[in-house]
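What the sequence shown shows, in my numbering, is residues 96 to 490, in sequence order. Written out below as structure tokens is the structure these notes cover.
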Amino acid sequence: MPSMRSVFFMTAICLLTFFLVQSENENESVFLPASDSANSGPLAGDLGSDEMESLLHWAITNSDPEKLRKQALTASAGDNKRMTVEELKELAASQARIREAIDAFSEEPTENELMQEAIDIIKSFVEGDGFGAESPQNETEVDSLENTLKGLQILVEPIDNANDLKTMGGIRPLARLLEGPRRLRIGAAKVIGTAASNNPTFQGHLLEEEPAAMGRLLSLVRSPDADESARALYAVAALIRNTEKAQDAFFETGGAEAVGAAMKLATAGGGWKLASRTLQLTADLAAQGSHVRKPLMKDAAILQGVLGVLAEADAPMDVTENAVFALEALAGDSSSKAALKLAGADAALSAAEARLKAAAGVGADADYTEEVVELMARVREDIAAPAREIGSGEL
């Protein structure tokens with residue numbers, strides 16, 4: 096049975112998830128305005144005490160399904176069924192846990208307190224005996240950890256909270272989870288990606304505290320599981336954006352080859368979500384300069400994948416657009432343009448243009464198609480144009 100602190104944290108996460116879903120439905124933030132967020136936690140909503148108590152009862156009771164079954168059987172038997180002494184003791188203990196949780200929850204924990212609780216739960220798991228991807232795991236414990244990671248992902252959305260992960264000792268346990276069971280690997284990658292998004296401070300913290308994290312993420316990018324690969328790509332993209340040290344670590348640990356492997360998986364039926372994320376990462380990287388474009392161009396799978404998406408008549412328009420953006424970024428210097436011409440990129444763009452023009456309809460979709468066709472024409476002309484140097488470093 097989960098510990099009281101796990102039940103308590105899961106209950107708080109239930110509330111966080113409730114607020115998040117509500118905000119998605121209403122298209123507005125669950126958090127207070129920035130001017131007030133420093134003094135208020137994400138639980139500072141307007142749920143009444145009855146709703147909070149009901150949610151706590153649910154979390155605690157459902158933490159032990161067998162006990163719930165026994166209590167249901169007892170209740171269904173009617174007044175002729177007497178509870179045993181042991182059952183009465185268990186019921187009293189359950190009621191005591193409910194009172195304890197309600198008393199603790201009434202103190203309304205802060206975001207930092209919830210983060211620390213989540214980190215402690217993760218630490219306890221990764222430091223336990225038998226931790227590892229292939230080790231037998233208690234499914235109930237994995238479920239609990241997965242919920243903890245979902246809650247932590249919400250909590251680290253504010254940059255200040257993400258930066259507190261280092262001082263709270265949360266970076267290394269999170270990085271270790273990247274070697275755990277599949278669901279926890281994905282959950283940890285999502286937390287890291289959220290914390291690293293537009294946050295160079297956290298990007299630096301992760302590389303300093305756990306240099307092996309990049310290699311672990313790239314191992315997930317190479318996964319034959321398309322969903323796992325896509326989640327890891329999200330984290331990698333957030334981690335290396337506008338951070339040269341992270342980009343160096345990316346290439347030093349085989350990043351180009353990993354992206355190529357993901358591209359192969361995507362174009363071999365891995366799904367458009369994976370294809371889109373791979374193309375976006377390629378475009379983001381290539382836009383950094385020739386020192387980044389060159390290793391990307393050396394991996395044939397990357398360019399083949401980009402051109403493969405262009406040739407797919409069934410590709411969603413936004414994925415096709417991402418392929419064109421990737422080519423535009425890769426064509427940033429004369430040597431890359433020459434390689435693209437040799438690979439037939441201009442011909443592939445021309446064929447895709449003709450196909451889209453022939454299939455164009457009317458309405459909003461037609462307008463979007465026209466924009467993508469215009470983008471294709473511009474990139475094709477740029478690739479076919481005579482070499483134009485972009486500074487001494489772009490040769």
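Even glycine gets a Cβ: it sits at the ideal position worked out from N, Cα and C. If you're wondering where the values come from, they're calculated on a predicted model, not measured in any experiment.
Which residue marks the beginning of the alpha helix (DSSP H) containing residue i, and which one marks its end?
i: D394; result: First-last for D394: undefined, no H or E at that position.
i: S219; result: E206 to V221
i: N337; result: Careful: N337 lies outside any alpha helix (DSSP H) and carries neither H nor E.
i: M358; result: G350 to L360
i: V414; result: M412 to L425
i: G288; result: R277 to A291
i: R450; result: A440 to A454
i: M309; result: A308 to V316
i: G265; result: G265 -> no alpha helix (DSSP H), and no H or E assigned at all.
i: E303; result: P295 to E304
i: H237; result: Note that residue 237 is Val in the sequence shown, not His. That run of the alpha helix (DSSP H) goes E234 to L250.
i: L374; result: W367 to A381
Under a Cβ-count criterion, where at least 16 other Cβ atoms within 10 Å of its own Cβ denotes burial, should residue i be classed as buried or exposed?
i: N120; result: Low confidence applies to N120: its pLDDT is 45, below 50, so where it sits in the model is not reliable, and the reading given next is rough at best. Under this definition N120 is an exposed residue.
i: V286; result: buried
i: K452; result: exposed
i: A283; result: buried
i: I485; result: With a pLDDT of 44 at I485, under the threshold of 50, the predicted position of this residue should be treated as unreliable, though the coordinate-derived value follows. It is exposed - the Cβ of I485 has fewer than 16 other Cβ atoms within 10 Å.
i: P128; result: Low confidence applies here, because P128 scores a pLDDT of 34, under 50, leaving its location unreliable and the question unanswered by this model.
i: A480; result: exposed
i: D259; result: buried
i: H386; result: exposed
i: E507; result: An answer regarding residue 507 cannot be provided, because it is not within the stretch 96 to 490 covered by the chain.
i: L437; result: exposed
i: K393; result: exposed
i: V316; result: buried
i: N242; result: buried
i: T289; result: buried
i: R194; result: exposed
i: T179; result: exposed
i: G275; result: buried
i: Q190; result: exposed
i: T338; result: buried
i: E476; result: exposed
i: L250; result: buried
i: E440; result: Before going further, note that residue 440 is Ala rather than Glu in the sequence given. Flag for A440 reads buried.
Hey, out of the options, whose CA is closest to residue i's CA?
i: M358; options: D343, P319, A381 and E476; result: P319
i: I214; options: E222, E206 and M263; result: M263
i: V237; options: R278, N337 and I478; result: R278
i: S219; options: R271, R192, L186 and E182; result: R271
i: K261; options: T289, L240 and E304; result: E304
i: A378; options: P268, I397, A363 and G366; result: I397
i: A461; options: M412, F346, Q383 and E195; result: M412
i: A73; options: V354, G299 and Q342; result: The structure shown does not extend to residue 73, since the chain is modelled only from 96 through 490, so no value can be given for it.
i: A443; options: I216, Y463, A424 and I478; result: I478
i: A307; options: P268, T362 and P204; result: P268
i: E347; options: L360, A363 and R311; result: R311
i: A446; options: L435, A472 and D428; result: A472
i: L422; options: L435, Q342 and A325; result: L435
i: S431; options: A381, R450 and L209; result: A381
i: L360; options: E323, E274 and I216; result: E323
i: R326; options: G366, A191 and G349; result: G366
i: G265; options: L244, I281, G275 and P276; result: L244
i: A330; options: R280, K340, L425 and A454; result: R280
i: K389; options: A363, A408, I249 and A424; result: A424
i: G246; options: E476, I217, A440 and A454; result: I217
i: D428; options: G400, Q383 and D409; result: Q383
i: L301; options: K368, P204 and A333; result: A333
Hey, is residue i close to the ligand ATP, as in C-beta under 7 Å from one of its heavy atoms?
i: G350; result: As far as ligands go, the structure on display features none, and thus does not contain the ligand ATP.
- Message: For the segment 249-258 against the segment 293-313, do three or more pairs of beta-carbon atoms, one drawn from each stretch, fall closer than 8 Å, so that the two count as touching?
- Response: Verdict: yes, contact present.
- Is the segment 369-384 touching the segment 400-408, taking contact as three or more C-beta pairs under 8 Å? Yes, the segment 369-384 touches the segment 400-408.
- Message: For the segment 413-428 against the segment 465-473, do three or more pairs of beta-carbon atoms, one drawn from each stretch, fall closer than 8 Å, so that the two count as touching?
- Response: Put simply, the segment 413-428 touches the segment 465-473. At least three CB pairs are less than 8 Å apart.
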